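Chains as they are written, first to last, in our numbering: chain S, 944 to 1231; chain V, 944 to 1231.
Note that CB positions come from ideal geometry on N, CA and C, so glycine has one too.
Quick caveat: nothing in here was measured; it's all calculated off a predicted structure.
Below: the structure, in structure tokens.
Number of protein chains: 2
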Amino acid sequence: MALFQKVVIIGVGLIGGSLGLALCRRRLAETVVGAGRSKENLRAALQCGAIHQAAGDPRRAAAEAEIVVLAAHPRANRELLAEIAPGLAPGTVVTDVGSVKEDIVRFAGGVMREGTVFVGGHPMAGSERQGLAGADPYLFENAFYILTPLPGQPAWAVDKVRAMVRGIGAQAIELTPEEHDLAVAALSHLPHLVAYALVNSLASLPAGERLLPLAAGGFRDTTRIALSSPVMWREIFLVNREKVLALLDVYKRELALLEEAVQKADGDALEARLQRAKELRESIPGRG
Amino acid sequence: MALFQKVVIIGVGLIGGSLGLALCRRRLAETVVGAGRSKENLRAALQCGAIHQAAGDPRRAAAEAEIVVLAAHPRANRELLAEIAPGLAPGTVVTDVGSVKEDIVRFAGGVMREGTVFVGGHPMAGSERQGLAGADPYLFENAFYILTPLPGQPAWAVDKVRAMVRGIGAQAIELTPEEHDLAVAALSHLPHLVAYALVNSLASLPAGERLLPLAAGGFRDTTRIALSSPVMWREIFLVNREKVLALLDVYKRELALLEEAVQKADGDALEARLQRAKELRESIPGRG
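In structure tokens form, the structure reads like this:
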């Protein structure tokens, strides 16, 4: 018997599509329903086996769901949640896959009805590839998947999301929404901001474009995430604005310390800061 | 017949060792001689086929060379050049592989004797692996290799270095020393500084170290170059100090523009700057 009766995924793009593929291939749900604005995309999702059924109306699909996964862009997720919440059956759990958690968790507190539960989620997995075309049933394999349940939420609801996370091969980690947003500001949002700025500073170089072919592996690695979707990142930066700005202040202080050491030609101070960074970087688990 | 009689490589580490391996395997030189401070390292270089002979005294080895390649750290290269220059035979060409060119080229102008020529070089190839253990005969394959000849230098001398570069599979590009130093400040030195600062800003996070396992691919890619040698990068930042600081100013302006857009929650301005970066990044040749 499958783990779930019916899972409804709203937004079948890179993450929603990968989730659907993982659920279908591992037979974790009797029925995986996809909902979304684009009929063409839903048809493609059916064809590639990411969903069993396509639904035109998210609200009606969600009304029959055991779990609803909001996998659209952050702002769309809020609107979708407001739209589906009134029609959910008691016992339904809603989760999302957005990169920022305080905002949606607070919003959910205002719209969810008695007997239904919203548990924020964020799979730490991604790809430069965008949309359903980049979907991969193994995207979540061994990835961390952060959940942000609130104190007092019923255990059965959190357990349901945890079971889904485990089922698709990911490792669930629980943080408060605030801890989560600070962590992603440091580990993901700030690096993106830094990479975008780094690429843009090339444009100011005389003959900058002529020099581009000389960009070796280091530059390419450092700026790879600047290939990410500007539309999505505009939203992420703004939704997590406060923490992004706080982390940016921390970063600018670190940059100023390095600059000061270079300015003063203080080799020892410089080397000490580089050494500290190298050691911290080496302590990050995983290859390279 | 081999292209060269005798090539002397001073400093048989990652770059010098890879060069030696490429020269020996492709039989580009009758004799490849390695010189350096560490006897143990030279013995290892002999054993792995990176050199044919080990020399204890760089000056004596260089006196018999057709080409001398300075492959030690930038500051050591200056000292080595001062040491070997007086003993070079007429017709000898010296080149180096350092990441900064104005400094060494100017220095060479003061120490090279009549009839010998210094042509600055910089292979745009590297590896996080350090030392001879990371050496690879294919490191230069299809890599760009910048040469910084000066106007008025004899064509035969520049041709010799160009032939070596072509022989090891790299593509020679000529820039003035200043153009080179500006390009590497933008494409390599600034990204390193940015990556070191980014890693260090994690240390200021509450529970920063506990969050490290959550660092997904984006963070790892962006900060991979912070694994590079602090001793080497201390030198590079200081030797190319003026241009690094100039590029850092450009970068800080770009970062401030992004910050301002986030601060004001000006989504359109933000998206426009992200879009510009994405397009510029996409125009960089090569995969991903």
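- When DSSP states are grouped into helix, strand and coil, V/Y1194 belongs to the helix group.
- Residue contact with chain S for V/R1184: present (Cβ-Cβ distance below 8 Å to some residue of chain S).
- Chain-ordered, the chain S residues with CB closer than 9 Å to the CB of V/V1205 read L1136, F1180, L1181, R1184, V1187, L1188, L1191.
- Contact of S/I1168 with chain V is assigned, a C-beta pair being separated by under 8 Å.
- For V/K949, the enclosing beta strand (DSSP E) covers residues 947-953.
- The count of Cβ pairs closer than 8 Å, one atom from the segment 944-953 of chain V and one from the segment 1014-1026 of chain V, reaches three, so the stretches are in contact.
- When 8 Å is used as the limit between beta carbons, V/A1129 is near these residues of chain S: S1144, L1145, L1148, G1151, L1154, in chain order.
- Excluding the 5 residues flanking it on each side, V/G992 has same chain C-beta neighbours closer than 6 Å at C967, in chain order.
- Taking S/T974 as the centre and dropping the five residues before and after it, the same chain places the C-beta of K949, H995 closer than 6 Å to its C-beta, in chain order.
- Bridge pairing for V/V1040: absent [DSSP].
- Beta-bridge pairing by DSSP links S/Q996 to S/V976.
- The beta-bridge partner set that DSSP reports for S/E1117 consists of S/L1090.
- For the pair of segments examined, the segment 1033-1047 of chain V was found to touch the segment 1064-1082 of chain V: the number of CB pairs separated by less than 8 Å reaches three.
- Listed by position along chain S, the residues whose Cβ is nearer than 9 Å to that of V/R970 form an empty set, because the closest Cβ is around 28 Å away.
- DSSP lists S/T1038 as the beta-bridge partner residues of S/V1062.
- Inclusion of S/L1217 and V/Y1139 in the CB contact set at 8 Å is warranted, their separation being smaller than that value.
- At least one CB of chain V lies nearer than 8 Å to the CB of S/T1165.
- Nearest C-alpha to S/P1173 among S/Q1073, S/T1035, S/R1049, S/A1199: S/Q1073.
- By the C-beta density criterion, S/S1226 is exposed, having fewer than 16 other C-beta atoms within 10 angstroms.
- When V/R1163, V/V1108, V/A1128 are compared, the shortest CA-CA separation from V/R1184 is found for V/A1128.
- In this structure V/P1001 is buried. Its beta-carbon is surrounded by 16 or more other beta-carbon atoms within 10 angstroms.
- At a cut-off of 8 Å between C-beta atoms, V/P1228 counts as an interface residue with respect to chain S.
- What V/P1017 touches in chain S, judged by beta-carbon distance under 8 Å, is nothing: the nearest beta carbon there is about 12 Å away.
- Taking 8 Å as the CB threshold, S/L1201 lines the interface with chain V.
- Counting every other CB atom within 10 Å of its CB across the protein chains shown gives V/P1120 a total of 16 or more, marking it as buried.
- In its chain, beyond the 5 residues on either side, A1028, F1061 have a beta carbon closer than 6 Å to the beta carbon of S/M1055.
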